[in-house]
Amino acid sequence: MVPSSVGAGQDTGRGRWIPTTSVDEYNATLATWFGVSAGNLSTVLPNLGRFAKPNLGFMG
860 MVPSSVGAGQ DTGRGRWIPT TSVDEYNATL ATWFGVSAGN LSTVLPNLGR FAKPNLGFMG
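So the sequence shown is numbered by this note's numbering: it starts at 860 and just counts up by one.
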């Protein structure tokens with residue numbers, strides 16, 4: 860887990876944080892839970908191939 864304290868890890872200052880997870884990864888996980896097949900994920904989320912982990916596993 861990324862440290863979430865001021866001045867540590869992904870904190871760049873002045874309330875700005877560098878994201879560690881893309882919106883496409885979150886959406887792929889949700890889409891899979893809704894029933895989108897693995898073969899159709901690239902159609903729904905064309906940028907998903909740029910990320911190493913398309914299913915984050917938080918939807919059980």
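Positions of the beta carbon are idealized from the N, C-alpha and C atoms, including for glycine.
Go ahead and label residue i buried or exposed: buried means 16 or more other beta carbons lie within 10 angstroms of its beta carbon, across all protein chains shown.
i, result
"Thr888", "buried"
"Ala890", "buried"
Measuring only the C-alpha atoms, how far is residue i from residue j?
i, j, result
"Arg873", "Thr880", "21 Å"
"Lys912", "Glu884", "7 Å"
"Gly898", "Arg909", "16 Å"
"Ser896", "Gly868", "35 Å"
"Trp876", "Phe917", "22 Å"
"Phe893", "Asp870", "33 Å"
Among the options, which has the Cα closest to the Cα of residue i?
i, options, result
"Leu904", "Pro878, Asp870, Val882, Thr871", "Val882"
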